[in-house]
Amino acid sequence: MRLHTTTVVSLSALAVLFLAGCSTGSTSAADSTSSPSASVRQEGNNASAPAPLSSAALSKRLLDESDLGEGYTRKPEQPKRHDDVAVTGCPALDRLGGDAAAGGSLDFPRKAKASFTYAGGSDSAVAEELYSDTEDKLSKGVGRIFDAMVSCSMYQVLVGGTPIEVTAAKAAVTRIGDERWGQVLTFAVGGRSTVMKQAAVRTGKVLVVVSGSSALVDAHVEKAVAKARVTH
C-alpha cells in the first residue's frame, strides 16, 4: 500500500521523520490511538466553540518555550517533503489506504504545529499539532487511524527508500478532554531504535496531538490541552 506522505506522517508523526533523517517543522496532519484501542469518550461534557477555529487562531494556542520551561528550543519550519510512503504488514492500514491516498483521514484543513528539541538528552524532542473541525469529524478521523494502527503490533514503513520497522501498542492518556487516544511506537532502522509516544485529546472542536519521547509527552499534554481550550 502506497500512501501520501502527510497521511503516514500523521500516523507515525515525529519518530518516522527523525529516523528517516527528515525535519519535523512543517504543518502536517496528526493522530493517535482510537476507540477500541485507547480512546475514551466523555458524554455530556462537550462545551465547544460555535465554529471550528482557523489555522491562525490555532497557532496562537500552541505551546511555546515559555510554556515548556528551560531547555526547550523551537525548531524552525522546513519545506514540506513529498516522499512516497509505503506501509506493509498491516491489513487494517491497507484497508484504510483508499481514503488516505485521497487526502482524507486526518488531513484537516485547519491546523497548526510546533516542534521542539530539549537539551535534557538524546532523542529528547516533542511536537504539538492542533486541528479544528466538527466534533464528529475529529472523532471519526482520529479513531479510524488509531484503531488501524494499534490493530497491528508490527509492520513496516518505507519512507523515501528507507525501511523502518514499527512496533505499536496502545497507551494510557491522562483523563482530560472529551476523548483521548494514546499509543507507543518503537521505530527501528539501521541498527538503531527509538521509542516515541503519541497522545491525542479532543476538547470540543479542537484536537491536540502531542508526540515525542514518552516522558516529555506525559509532562506536557495537560498544559497543551489547557492552552488549546482557552477562549480569547
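Using mature numbering (1 follows the signal peptide of the UniProt record, and there is no 0), the letters of the sequence shown correspond one by one to residues -29 to -1, 1 to 203.
The beta-carbon is built from N, C-alpha and C at its ideal position, and this holds for glycine as well.
DSSP beta-bridge partners for A22?
Sequence index remark: in the sequence shown, residue 22 carries index 51 (1-based). Paired residue(s): none; A22 is not in a bridge.
Cβ-based burial, T145 [other Cβ within 10 Å; buried from 16]
The count along the sequence shown starts at 1 and reaches residue 145 at position 174. Counting Cβ neighbours within 10 Å, T145 comes out exposed, since fewer than 16 surround it.
Spatial neighbours of S25 within its chain, please: C-beta separation below 7 Å, excluding the five flanking residues on both sides.
What you label residue 25 is simply residue 54 of the sequence shown in a count that begins at 1. If we look at S25 and ignore the five residues flanking it on each side, its Cβ neighbours are R81.
At least three beta-carbon pairs within less than 8 Å, the region 116 to 129 to the region 92 to 108
no
What do you reckon, is the C-beta of E36 under 8 Å from a heavy atom of the ligand NAP?
This structure does not include the ligand NAP; it has no bound ligands of any sort.
Residue interval of the beta strand (DSSP E) (run including F158):
The residue you call residue 158 lines up with position 187 of the sequence shown. Taken as a continuous stretch (DSSP letters only), the beta strand (DSSP E) holding F158 covers E150 to V160.
For R151 and R200, the rounded distance between their alpha carbons
If you number the sequence shown from 1, residue 200 lands on position 229. If you number the sequence shown from 1, residue 151 lands on position 180. So the alpha carbons of these two residues sit roughly 15 Å apart.
Determine whether the beta carbon atoms of V196 and T174 lie at a separation below 9 Å.
Counted from its first residue, the sequence shown places residue 196 at position 225. Counted from its first residue, the sequence shown places residue 174 at position 203. Their beta carbons are under 9 Å apart, which means V196 touches T174 by this criterion.
Do you know how far the Cα of M167 is from the Cα of F158?
Here the question's residue 158 lines up with position 187 in the sequence shown. Here the question's residue 167 lines up with position 196 in the sequence shown. So the two alpha carbons sit approximately 8 Å from each other.
Three-state secondary structure (DSSP) at E41?
Walking along the sequence shown from the start, residue 41 turns up at place 70. Here E41 sits in coil by DSSP.
Out of P47, K176, F87 and A142, which one is the CA nearest neighbour of residue 213?
Nothing about residue 213 can be reported from this structure: the residues present for the chain run from -29 to 203 only.
In whole angstroms, give me the CA-to-CA distance for S86 and S103.
Walking along the sequence shown from the start, residue 86 turns up at place 115. Walking along the sequence shown from the start, residue 103 turns up at place 132. Taking the straight line from one Cα to the other gives about 19 Å.
Return the chain-ordered list of same chain residues with a C-beta closer than 7 Å to the C-beta of I147, the five sequence neighbours on each side being excluded.
In the sequence shown, residue 147 corresponds to position 176, counting from 1. Once the five neighbours on either side are set aside, the close Cβ partners of I147 are V172, E193 and V196.
From N16 to G162, what does the alpha carbon distance come to, in whole angstroms?
Taking the first residue of the sequence shown as position 1, residue 16 is located at position 45. Taking the first residue of the sequence shown as position 1, residue 162 is located at position 191. Because the pLDDT at N16 is just 47, under 50, the model does not fix this residue reliably, and the value given afterwards should be weighed accordingly. So the two alpha carbons sit approximately 46 Å from each other.
Excluding the 5 residues preceding and the 5 following R66 in the sequence, name in chain order all residues of the same chain whose CB lies nearer than 8 Å to its CB.
Counting from one through the sequence shown, the residue named residue 66 turns up at place 95. Closer than 8 Å at Cβ, skipping near neighbours: A119.
Status (buried if at least 16 other CB within 10 Å, exposed otherwise) for P47:
As a working mapping, residue 47 is identified with position 76 in the sequence shown. Exposed, because fewer than 16 other Cβ atoms sit within 10 Å of the Cβ of P47.
Spatial neighbours of G42 within its chain, please: CB distance less than 7 Å, with the 5 preceding and 5 following residues excluded, ordered by chain position.
Numbered from its first residue, the sequence shown carries residue 42 at position 71. Excluding sequence neighbours, G42 sits near Y89, A90 and G91.
Looking only at DSSP bridge pairs, what is F117 linked to?
On the sequence shown, residue 117 is found 146 positions in, with the first residue counted as 1. Paired residues: none, contrary to the question.
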